[in-house]
Structures are given as C-alpha cells and as structure tokens.
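Remember, this note's numbering sits 1471 above the position in the sequence shown when you count from 1.
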Amino acid sequence: MSQHELIQRAWDLTGEIETAVAECEWTRAAELAEARAPLLMSLEADQPADALATIRKIQSSIEAVTQAAAIAQEALVANHRRSMERASAASRYQQAARF
C-alpha cells in the first residue's frame, strides 16, 4: 500500500471512529482505532504538504476523541456510583423492613 493509500485509509477510519463516538459506540470506536494504529505507525516521516494536512486533521481528531472518551468515562463512573449507592440504599431498606 502506498503512503497516499495509507493516509487515505487512516483518514477514512478516522471518520468512522468519529461516527462511532457520536453514537456512543465505544467498543466499535476502539476496534477502529486498533485497525488504524498500524497504518499510522507505518507512515514515513517525509510527506507532501497535502498528506501532512490530512495527518494533522487525524491528530486533531485523536485529541477530540480522547477528550470525549474521558468525559464519557467520567459520566459512566458517576452513573455507576449513583447506581451502587441506590442499590445499597435499597438493601438497607430491605434489612430495616425485616424488623
């Protein structure tokens, strides 16, 4: 695969990752990122200006997706914590109701 094809495929996968993230399909986003990683790792240092522009867009997307993932993780952890607190409260109620 040529460098141009590698960059184009990586860019295509980046779009798919962004779509998966927008739909909160984190497993799919991770799978796509794993498929994209070897492509990015195989890029050569010297690239024409248009290729560098695409690479910079990919880098910006990676940063944005990383931030979105951190925010989503925080929300999921907070939701899990609230659910555990509710389950604990329900358990305490059941214990108290037995008396």
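Even glycine gets a Cβ: it sits at the ideal position worked out from N, Cα and C.
Which residues in the same chain have their Cβ closer than 6 Å to the Cβ of residue i, if we skip the five residues on either side of it in sequence?
i     : result
L1511 : A1481
Give a yes or no on whether the minimum CB-CB distance between residue i and chain D is below 9 Å.
i     : result
V1548 : No chain D appears in the structure shown, which is made up of a single protein chain.
Tell me whether residue i sits in a helix, a strand or coil according to DSSP, three-state version.
i     : result
D1595 : The shown model of the chain, from 1472 to 1570, leaves out residue 1595, and the question about it has no answer.
S1559 : helix
S1473 : coil
E1505 : helix
E1571 : Residue 1571 lies beyond the residue range present for the chain, which begins at 1472 and ends at 1570; the question has no answer from this structure.
R1553 : helix
R1480 : helix
R1569 : coil
Run the CB neighbour count on residue i, radius 10 Å, all protein chains shown included, and call it buried at 16 or more, exposed below.
i     : result
T1485 : buried
R1553 : exposed
R1507 : buried
A1520 : exposed
A1560 : exposed
A1500 : buried
Taking C-alpha atoms, which residue in the options lies nearest to residue i?
i     : options                    : result
P1509 : R1553, E1545, I1478        : I1478
Q1530 : I1488, M1472, S1473, Q1474 : I1488
Q1474 : A1546, Q1518, A1500, E1496 : Q1518
Only counting the same chain, and skipping five residues up and downstream in sequence, which positions put a Cβ closer than 7 Å to that of residue i?
i     : result
A1504 : I1488
S1513 : L1477
Only counting the same chain, and skipping five residues up and downstream in sequence, which positions put a Cβ closer than 8 Å to that of residue i?
i     : result
A1539 : V1492
S1532 : T1485, I1488, E1489
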